[in-house]
Amino acid sequence: MGPPTAQFRRVAARTGPAVTLRFDGVSIAATAGDSVLAALLQHGTLLRRLEFGAEPRAGFCLMGACQDCWVWSSAGGRIRACTTPVAEGMELFAMPQASFDRPAEESGRG
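Quick note: the sequence shown uses numbering that gives the first Met the number 0, first residue 0, plus one each step.
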């Protein structure tokens, strides 16, 4: 399979510092001020799969109302990719990691 195809393309130049985040272990280059969702879609990254099937998801409303763009942070919490700005060093996942599902005392966070 070839490289990912971007679902979004930047139509106007944006100035700002370069930011690198990781999504499911893949480094994603973005510009400060981008939303997580914009960075992922410009990179051609699938946001997640539907919980009740295998259909790919990429956000729906792009403004924080539909809750279709939830992703999980390395800290274990969920964020809305469409309204969360990128930050240097963010580590995000399409699905919750196994340790997120365990009670705090089992995962060492208690």
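We put the beta carbon where it would ideally sit given N, CA and C, even for glycine. The structure presented is a predicted model; accordingly, all values stated were derived computationally and were not measured.
query: Three-state class that DSSP yields for residue 38 in the structure shown; result: helix
query: Whole-Å CB distance - residue 31 paired with residue 18, under 8 Å assumed; result: 5 Å
query: Cβ-heavy atom distance, residue 90 to the ligand MG, below 7 Å; result: Ligands in the displayed structure: none, and consequently the ligand MG is not present.
query: Exposed unless 16 or more other CB atoms sit within 10 angstroms - verdict on residue 22; result: buried
query: Residue burial classification, residue 28 (beta-carbon count within 10 angstroms, cutoff 16); result: exposed
query: Whole alpha helix (DSSP H) elements within the stretch 47 to 96, 4-residue minimum; result: none
query: Residue 26 and residue 81 closer than 8 Å at C-beta; result: no
query: Host beta strand (DSSP E) of residue 20 (start-end); result: 17 to 22
query: Residues sharing a beta bridge with residue 31, DSSP; result: Beta-bridge pairing links residue 31 to no other residue.
query: Option in 69, 52, 53, 51 with minimal Cα separation from residue 59; result: 69
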